[in-house]
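In the working numbering, the protein residues as written are 17 to 335.
The C-beta atom is built at its ideal place from N, Cα and C for all residues, glycine as well.
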């Protein structure tokens, strides 16, 4: 998501309410899980006058599954059939976009590499994706596509998990193809969860800009997981609150004074608790690059838990 802002000298940094969104990518495998993100993608495009890029990637694994293990046919024939079927499904979706400028992309290959080409060639500002957020084998699995997008995407990612509900859920597109009245995106409350490091600044800028654009209430939250020394460092809470307040520029054009909040315990549990208490319509999290994440542990576990259990969409912003 491109935010209109001045150059990055801290003393000169200003966050404006204007958000520039020109191209939004909606990645789908045509499952109900992935299509849960479509109403958000179209509503965002209507709000900001952006072009919607609907993309489906045909992987070799999906091609092999299409044979059913019954008759042998050439991969070329299978691909042609899969491509025609995907184009037809995207055209069916496009019939319901109602006034949203759009383009369809059907690609073949490794899913993330294909999506990365679309991102670069079309200067994508935001990705919208739905995910099942299932758990298994002691770790959270967001689905391989959502996982790759979150780890590698150079732009913000709006993730719609399986428990998005209530006022945060936009109307679904009907399966029978009837037109759906254009849904409007309404954000009455935005929750920004931050770890109080400099890398969180892009997420702060995004949350503040969104709050300004939608005239939302904004809560900045930091969860202290290790509070064993809290008794000897009573200033830890005051320091955290001061840092949170300092994150928001004094001239930020916000309708309401931001709330700052410190919680204790599990980070993801604290984020979900506050989001439910405030009836948040959007949670904003900072994201780390794939190089920072590594492969031998679960540094994404907090984001995974939040996405899997949040009752509202989650926006992850690269730090």
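Going by DSSP, which residues form a beta bridge with residue i?
{"i": "residue 235", "result": "207, 275"}
{"i": "residue 43", "result": "71"}
{"i": "residue 146", "result": "176"}
{"i": "residue 332", "result": "173, 301"}
{"i": "residue 119", "result": "69"}
{"i": "residue 124", "result": "74"}
{"i": "residue 165", "result": "Partner(s): none; residue 165 has no beta bridge."}
{"i": "residue 240", "result": "280"}
To the nearest angstrom, how far is it from the Cα of residue i to the Cα of residue j?
{"i": "residue 101", "j": "residue 121", "result": "13 angstroms"}
{"i": "residue 141", "j": "residue 273", "result": "28 angstroms"}
{"i": "residue 318", "j": "residue 334", "result": "15 angstroms"}
{"i": "residue 234", "j": "residue 223", "result": "8 angstroms"}
{"i": "residue 262", "j": "residue 108", "result": "48 angstroms"}
{"i": "residue 132", "j": "residue 169", "result": "8 angstroms"}
{"i": "residue 65", "j": "residue 329", "result": "21 angstroms"}
{"i": "residue 57", "j": "residue 253", "result": "38 angstroms"}
{"i": "residue 241", "j": "residue 287", "result": "12 angstroms"}
{"i": "residue 67", "j": "residue 165", "result": "20 angstroms"}
{"i": "residue 39", "j": "residue 173", "result": "13 angstroms"}
{"i": "residue 267", "j": "residue 36", "result": "19 angstroms"}
{"i": "residue 62", "j": "residue 119", "result": "15 angstroms"}
{"i": "residue 229", "j": "residue 69", "result": "23 angstroms"}
{"i": "residue 136", "j": "residue 74", "result": "19 angstroms"}
{"i": "residue 103", "j": "residue 167", "result": "28 angstroms"}
{"i": "residue 291", "j": "residue 211", "result": "16 angstroms"}
{"i": "residue 43", "j": "residue 143", "result": "8 angstroms"}
{"i": "residue 294", "j": "residue 94", "result": "50 angstroms"}
{"i": "residue 41", "j": "residue 138", "result": "9 angstroms"}
Kindly indicate which three-state DSSP category residue i falls into: helix, strand or coil?
{"i": "residue 280", "result": "strand"}
{"i": "residue 314", "result": "In this predicted model, residue 314 has a pLDDT of only 35, less than 50, meaning its place in the structure is not dependable; the value taken from the coordinates is given anyway. If DSSP states are grouped into helix, strand and coil, residue 314 belongs with coil."}
{"i": "residue 25", "result": "Bear in mind that the predicted position of residue 25 carries a pLDDT of just 37, short of 50, making it too unreliable to give a figure here."}
{"i": "residue 270", "result": "coil"}
{"i": "residue 322", "result": "helix"}
{"i": "residue 50", "result": "helix"}
{"i": "residue 141", "result": "coil"}
{"i": "residue 295", "result": "coil"}
{"i": "residue 110", "result": "helix"}
{"i": "residue 201", "result": "coil"}
{"i": "residue 212", "result": "coil"}
Go to residue i, then tell me how far its alpha helix (DSSP H) extends in each direction, as first and last residue.
{"i": "residue 220", "result": "217-230"}
{"i": "residue 261", "result": "251-263"}
{"i": "residue 186", "result": "No alpha helix (DSSP H) contains residue 186, which DSSP labels as neither H nor E."}
{"i": "residue 55", "result": "54-64"}
For residue i, is the beta carbon positioned less than 7 angstroms from some heavy atom of the ligand ADP?
{"i": "residue 162", "result": "No copy of the ligand ADP occurs in the structure displayed, which carries no ligand at all."}
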